[in-house]
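Visitor: Letter by letter, the sequence shown follows residues 5 to 280 in this note's numbering.
All C-beta atoms, glycine included, are put in the ideal place defined by N, C-alpha and C.
Please find one structure pasted underneath; my questions will follow.
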Amino acid sequence: MKNFKINAITALVVGLNVATAHAARTTNPEPNQNVLYSGGSVFLNHADATNVDEPSHTAIGQSNLIYSVPESNDPTEDQGSSSAFGNQNTIKGQHANAFGDGNDAYGKQTQSFGDGNKVYANESIGYGIKNQIGTQPSDAKSPKATREADTNTNSASVFGLNNTVVGNNILTLGKDNKITDTSTTNATVIGFNSTANATNAIVIGTESQASANETIAIGQKAKASGQNSNAFGSQANALGTSSLAVGTGAQAKQDSAVAIGNDSNATAKSSVALGE
């Protein structure tokens, strides 16, 4: 353990490379930098002063960056120390934390756990590998200190691998799932390569889709595209408004159509089709 510099009342030092910065009010906080030299390379932890009346930021590992948010006049916002554990993590937000390698955590109470998660949203959590929450920086080379959380994305919880989401009140579990419409609210996606781009949409399955408000799609390649429609079963399709498709290959193609049973096909408005 060597070359560590501490600017705080008290601190717990763990590992090879630790940086902390005391809660200090200043319009121009001095960063606290800790340098570790290894094999001719420099590994740097950087932690700004917190700008709040709370304990210091803490960085444990190598090449972690913690940036402070501007001082607030709102007493309810007068808090916000953050922590980074691991390597190459970047944090900017009150009570934001990152654990692992190469994670970004931008936003109030944002949490990023794992490897390569990029969370740019308030009160959100990314857990796993290469998940993305919130609109990502358009320029990958933009200064990390100037980046901000996506104001159109809040309260998202993502667990798994390579999921991409925007919107509000989102829950996603699995791999390669996507929510790409920022107006999406209260959506749930569980599965693989599935999408939900609508309010109050629920998708469970592989390559399943819910693309209208108040919809449910459950099953492999199930699709619910009519408002208030529901599709249950492998390749079931509910296309019309308030339509219902239940069964493998069931098709409800018009408004208020109901298709129940395997390969059933309701093609007229308010029609009912029964299959196997």
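Helix or strand or just coil, what does DSSP make of LYS179?
Guide: As a first step, residue 179 must be located in the sequence shown, where it is residue number 175. Here LYS179 sits in strand by DSSP.
Visitor: Let me check understanding here. Comparing Cα to Cα, which of THR184, ILE133, ALA88 and HIS99 lies closest to GLY164?
Guide: To locate residue 164, count along the sequence shown from 1; it is residue 160. If we check each option's Cα against that of GLY164, ILE133 comes out closest.
Visitor: So, helix, strand or coil for THR150, using DSSP?
Guide: Position 146 of the sequence shown, counted from the start, is the residue given in the question as residue 150. Reduced to three states, the DSSP call for THR150 is helix.
Visitor: Skipping 5 residues on each side, what residues in its chain have a beta carbon closer than 6 angstroms to that of ASN320?
Guide: Outside the shown range of the chain, which is 5 to 280, sits residue 320, and nothing can be said about it.
Visitor: My understanding is that GLY230 touches ALA242, with C-beta atoms under 8 angstroms, so please give their C-beta distance in whole angstroms.
Guide: Walking along the sequence shown from the start, residue 230 turns up at place 226. Walking along the sequence shown from the start, residue 242 turns up at place 238. Going by Cβ atoms, the distance from GLY230 to ALA242 rounds to 6 angstroms, so yes, they are a contact pair.
Visitor: Locate the beta strand (DSSP E) running through THR62, then write down its first and last residues.
Guide: Working through the sequence shown from its first residue, we reach residue 62 at position 58. First-last of the beta strand (DSSP E) with THR62: 61–66.
Visitor: Going by DSSP, what residues sit across from GLN136 in a beta bridge?
Guide: Position 132 of the sequence shown, counted from the start, is the residue given in the question as residue 136. Paired residue(s): LYS122 and THR168.
Visitor: Are there three or more Cβ pairs, one per stretch, closer than 8 angstroms when the region 166–181 is compared with the region 105–118?
Guide: With the cut-off at 8 angstroms, the region 166–181 and the region 105–118 do not touch.
Visitor: Taking the C-alpha atoms as reference points, what is the distance between GLY237 and ASN49?
Guide: Counting from one through the sequence shown, the residue named residue 237 turns up at place 233. Counting from one through the sequence shown, the residue named residue 49 turns up at place 45. Each residue's Cα considered, the two are about 51 angstroms apart.
Visitor: Can you check which of these residues, GLY106, ALA205, GLY195 and ASN197, is closest to THR188 by C-alpha distance?
Guide: As a first step, residue 188 must be located in the sequence shown, where it is residue number 184. Looking at the Cα atoms, ALA205 is the closest of the given residues.
Visitor: Report the option in ASN91, TYR131, LYS225 and ASP259 whose CA atom is closest to the CA atom of GLN66.
Guide: Reading the sequence shown from its first residue, position 62 is the one you call residue 66. Checking every option, the nearest Cα to that of GLN66 belongs to ASN91.
Visitor: Is ILE95 near the ligand GDP, in the sense that its beta carbon is under 7 angstroms from a heavy atom of that ligand?
Guide: Ligands are entirely absent from the displayed structure, and the ligand GDP is therefore not among its contents.
Visitor: Identify which residue in GLY106, ALA200 and LYS179 has its Cα closest to the Cα of LYS148.
Guide: Start at 1 with the first residue of the sequence shown, and residue 148 comes out as number 144. Residue GLY106 is the option with its Cα nearest to LYS148.
Visitor: Based on the DSSP secondary-structure assignment, which residues constitute the bridge partners of SER87?
Guide: Your numbering for residue 87 matches position 83 in the sequence shown. Answer is THR62 and ASN101.
Visitor: Report yes if the CB atom of SER274 is closer than 8 angstroms to the CB atom of ALA256, and no otherwise.
Guide: Numbered from 1 along the sequence shown, position 270 holds the residue referred to as residue 274. Numbered from 1 along the sequence shown, position 252 holds the residue referred to as residue 256. The answer is no: Cβ separation not under 8 angstroms.
Visitor: Going by other Cβ atoms of all chains shown within 10 Å of its Cβ, with 16 needed for buried, is ASP108 buried or exposed?
Guide: Indexing the sequence shown from 1 puts residue 108 at position 104. With 16 or more other Cβ atoms within 10 Å, it is buried.
Visitor: Going straight from the alpha carbon of LYS225 to that of THR252, what length do you get?
Guide: For the purposes of this step, residue 225 is taken as residue 221 along the sequence shown, with counting starting at 1. For the purposes of this step, residue 252 is taken as residue 248 along the sequence shown, with counting starting at 1. Rounded to whole angstroms, LYS225 to THR252 spans 10 angstroms at the Cα level.
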